[in-house]
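Shown next, in structure tokens, is the structure this report addresses.
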Amino acid sequence: MPGLYFHIPFCKQACHYCDFHFSTNLSRISDLVDAIVKELLLQKEYLADKKINSIYFGGGTPSILEQQHLDKIFEQIHNLYKLDTSCEITLEANPDDLTKTKVAALIKSGINRLSIGIQSFDDPVLKFLNRAHNAEMALSALDNVRNAGFKNISLDLIYAIPGQDHDAVKKNIEMAMRFTPEHLSAYSLTIEPKTVFGNWSLKDKLTPVDEAINAEQFEIISSHLIGYGYEHYEISNYCKPEYYSKHNSSYWKQEPYLGIGPSAHSYNKESRQFNISNNASYLKSIAQNKVPYQRETLTRENMINEFVFTTLRTIWGCDLNKLQDEYQFNLHDHRKKYLEELMANELVTLNNQVLRLTQKGKLLADQISLDLML
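Just so you know, the working numbering puts 320 at position 316 of the sequence shown, and the rest follows in order with no gaps.
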């Protein structure tokens with residue numbers, strides 16, 4: 005079933021590593037919410053008559069929204085769509101926003117899952133990343149969330165940070181486990197262009213972590229979380245049994261979704277559309293009853309490549325029969341020799357026509373996928 009994504013493009017301050025679309029000018033949050041409500045109406049035919057399985061508020065910092073903002077959005081959602089009885093409704097949150105009052109408001113609004121940007125429990129690291137919270141705020145936020153009754157939380161952690169040793173990575177995992185999150189995402193720090201870290205790197209003020217250390221920290225995180233009973237169900241994602249992120253899993257399974265807000269993306273199996281990444285232009289266009297997006301019609305090659313790239317990252321694997329049935333593409337014929345090499349090197353397994361990465365192969369996931377594509 006399809007999902008809804010809302011991009012909330014506001015942050016109190018800019019993290020040094022982030023290249024997502026956002027603004028630190030908070031004066032137009034209410035205007036943006038009104039535009040989002042209107043865009044939902046303008047886009048109502050995109051997922052016409054389909055029941056919604058997941059709703060995701062990303063950003064930016066969605067936890068910056070007040071209850072009245074969320075109430076407006078949810079009222080329009082319920083006017084236009086039917087929600088599945090088990091609909092997962094996720095909101096990304098920064099720890100510094102998760103006061104007792106805010107957490108209670110989120111529950112009242114209908115949020116049933118939180119994705120909390122902890123990133124680290126180490127104050128010097130948080131300062132280096134230019135996060136708005138400190139470790140004490142993170143611990144307090146998690147206490148507030150659990151005490152309020154949230155039964156489904158996900159924590160984000162970052163590893164491969166310059167100066168962060170293996171013991172620090174282990175400590176972050178141990179701290180996270182104090183709150184037994186149902187889900188945890190662990191991302192390797194990447195140095196993106198047009199970020200503070202990107203500029204530092206160009207000026208030789210920042211050197212990325214060595215690939216070998218990156219791989220070792222990936223293994224530390226994976227082995228520790230598996231030991232705690234988590235499934236490593238996607239390269240960067242771990243969960244307790246049955247607590248997969250429904251929304252993100254829909255991306256990896258090529259389910260349709262509608263993206264609302266500046267820079268949001270949408271997908272309907274035939275095309276992708278990309279909303280403009282400019283708040284002022286977005287607001288102006290919506291006021292004129294026009295959704296400011298560009299559309300890309302997907303070719304057969306696009307579809308095949310996306311199928312291989314997204315499915316191979318997951319525990320469910322790349323179903324070669326489905327690839328053949330839906331796209332008339334035989335991966336054996338296309339990459340027979342390479343597949344044999346991958347299996348001989350124990351980087352993938354092939355059982356019942358489903359290709360899966362081994363733990364060893366996960367370290368090379370992107371390269372393997374690229375080499376299998378058209």
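Even glycine gets a Cβ: it sits at the ideal position worked out from N, Cα and C.
For Ser275 and Leu302, which I take to be in contact (beta-carbon distance under 8 Å), what is that distance rounded to the nearest angstrom? Here residue 275 is taken as the residue at index 271 of the sequence shown, counted from 1. Here residue 302 is taken as the residue at index 298 of the sequence shown, counted from 1. At roughly 6 Å, the Cβ-Cβ gap stays under 8 Å, so Ser275 and Leu302 are in contact.
Ile177 to Ser144, Cα distance in whole Å? One-based indexing of the sequence shown puts residue 177 at position 173. One-based indexing of the sequence shown puts residue 144 at position 140. The straight-line gap from Cα to Cα measures roughly 17 Å.
What distance in whole Å lies between the Cβ atoms of Ile12 and Gly265, which are believed to be in contact at a cut-off of 8 Å? Taking the sequence shown and counting its residues from 1, the one referred to as residue 265 is at position 261. Taking the sequence shown and counting its residues from 1, the one referred to as residue 12 is at position 8. 7 Å between Cβ atoms; contact.
Starting from the C-beta of Asn272, find all residues in its chain whose C-beta is less than 6 Å away, skip the five residues before and the five after it, and write them out in chain order. Mapped onto the sequence shown, residue 272 falls at position 268. Counting only Cβ-Cβ distances below 6 Å, and skipping sequence neighbours, we find Pro260.
Count the other CB atoms, across all protein chains shown, that sit within 10 Å of the CB of Ser253; report buried if there are 16 or more and exposed otherwise. Start at 1 with the first residue of the sequence shown, and residue 253 comes out as number 249. Buried is the call here.
Provide the residue span of the beta strand (DSSP E) that contains His187, from first to last. Stepping through the sequence shown from its first residue, residue 187 is reached at position 183. Where His187 is concerned, the enclosing beta strand (DSSP E) stretches over His187 to Ser192.
Look up Thr94 in the DSSP assignment and give the residues it is bridged to. For the purposes of this step, residue 94 is taken as residue 90 along the sequence shown, with counting starting at 1. Per DSSP, Tyr60 and Arg117.
Could you tell me the alpha carbon to alpha carbon distance between Pro245 and His228, rounded to whole angstroms? What you label residue 245 is simply residue 241 of the sequence shown in a count that begins at 1. What you label residue 228 is simply residue 224 of the sequence shown in a count that begins at 1. Whole-angstrom Cα-Cα distance: 16 Å.
For the putative contact between Gln429 and His170, defined by C-beta atoms under 8 Å, what is the C-beta separation to the nearest angstrom? Because residue 429 is not part of the residues shown, which for the chain are 5 to 378, the question remains open.
Starting from the N-terminal side, write out each stretch of the beta strand (DSSP E) that is 3 residues or longer and does not extend beyond the stretch 350–374. 352–355 and 358–361
Taking buried to mean at least 16 other C-beta atoms within 10 Å of its own C-beta, is Tyr247 buried or exposed? What you label residue 247 is simply residue 243 of the sequence shown in a count that begins at 1. Buried: at least 16 other Cβ atoms inside 10 Å.
Between Gly153 and Asp160, what straight-line distance do the alpha-carbon atoms span, to the nearest angstrom? Within the sequence shown, numbered from 1, the residue matching residue 153 stands at position 149. Within the sequence shown, numbered from 1, the residue matching residue 160 stands at position 156. Rounded to the nearest angstrom, the two C-alpha atoms are 20 Å apart.
Sub-7 Å separation of Ala369 and Ile239 beta-carbons: Within the sequence shown, residue 369 is the residue found at index 365, counting from 1. Within the sequence shown, residue 239 is the residue found at index 235, counting from 1. Yes. Within cutoff.
According to DSSP, is Phe125 helix, strand or coil? On the sequence shown, residue 125 is found 121 positions in, with the first residue counted as 1. Three-state DSSP puts Phe125 in coil, outside helix and strand.
Buried or exposed: where does Pro128 fall if 16 or more other Cβ atoms within 10 Å of its Cβ makes it buried? Counting from 1 along the sequence shown, the entry for residue 128 is found at position 124. It is exposed - the Cβ of Pro128 has fewer than 16 other Cβ atoms within 10 Å.
Please report how far the alpha carbon of Leu378 lies from the alpha carbon of Leu193, in whole angstroms. Residue numbering aside, residue 378 sits at position 374 when the sequence shown is read from its first letter. Residue numbering aside, residue 193 sits at position 189 when the sequence shown is read from its first letter. When rounded, the distance between both Cα atoms is 29 Å.
Buried or exposed: Arg299, going by 16 or more other Cβ atoms within 10 Å of its Cβ? Numbered from 1 along the sequence shown, position 295 holds the residue referred to as residue 299. Exposed: under 16 other Cβ atoms inside 10 Å.
Assuming Gln80 and Leu102 form a contact by the criterion Cβ under 8 Å, report the distance between their Cβ atoms to the nearest whole angstrom. As a first step, residue 80 is located in the sequence shown; it is residue number 76 there, counting from the start. As a first step, residue 102 is located in the sequence shown; it is residue number 98 there, counting from the start. Contact doesn't hold; Cβ gap of about 25 Å is too wide.
His137 by DSSP, collapsed to three states: which one? Sequence index remark: in the sequence shown, residue 137 carries index 133 (1-based). His137 falls in the coil class under three-state DSSP.
Own chain residues within Cβ distance below 7 Å of Asn309, not counting five before or after: If you number the sequence shown from 1, residue 309 lands on position 305. Excluding positions up to five away in sequence, the list reads Met377 and Leu378.
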